[in-house]
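Peer 1:
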Amino acid sequence: MSPEPIVALNNYLQSINLVAALSWRDSQSGPVHNPKWRSVCKISGREYGVGTGTHKHLARGAAATIALEAHRAEHGGG
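Read left to right, the sequence shown gives residues 1 to 78 (the UniProt record's numbering).
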């Protein structure tokens, strides 16, 4: 996927004047040597995507991909 999912989400939100509405909730579980990250992507306080990964940026990327698709589908493209 190009560009990177988080960049794509930021660019989309900037194009519709909602970049300031983006927030993340990240949590880590598991042992320190093998963590599992869970990231929740929120736009205007509403949850649009959840992702998991072995690194925080991977979890955020997965959540950003879901959030971008969901927000576009709900609000008609962009």
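Positions of the beta carbon are idealized from the N, C-alpha and C atoms, including for glycine.
(1) Determine the closest residue to A64 out of I43, N17 and T54, with distance taken between C-alpha atoms.
(2) Identify whether L22 lies in helix, strand or coil by the three-state DSSP scheme.
(3) Output the boundary residues of the beta strand (DSSP E) element that contains S39.
(4) Assuming the contact rule is C-beta atoms closer than 8 Å, A8 and L68 should be a hit. Round their C-beta distance to whole Å, please.
(5) Mapping the DSSP letters down to three states, classify E4 as helix, strand or coil.
Peer 2: Quick answer:
(1) Counted from its first residue, the sequence shown places residue 64 at position 64. Nearest option by C-alpha distance: I43.
(2) As a first step, residue 22 must be located in the sequence shown, where it is residue number 22. Here L22 sits in strand by DSSP.
(3) Walking along the sequence shown from the start, residue 39 turns up at place 39. Taken as a continuous stretch (DSSP letters only), the beta strand (DSSP E) holding S39 covers K36 to I43.
(4) Looking up residue 8 in the sequence shown gives position 8. Looking up residue 68 in the sequence shown gives position 68. Indeed, because the Cβ distance is near 6 Å, the residues count as touching under 8 Å.
(5) In the sequence shown, the residue the question calls residue 4 occupies position 4. It is coil, neither helix nor strand.
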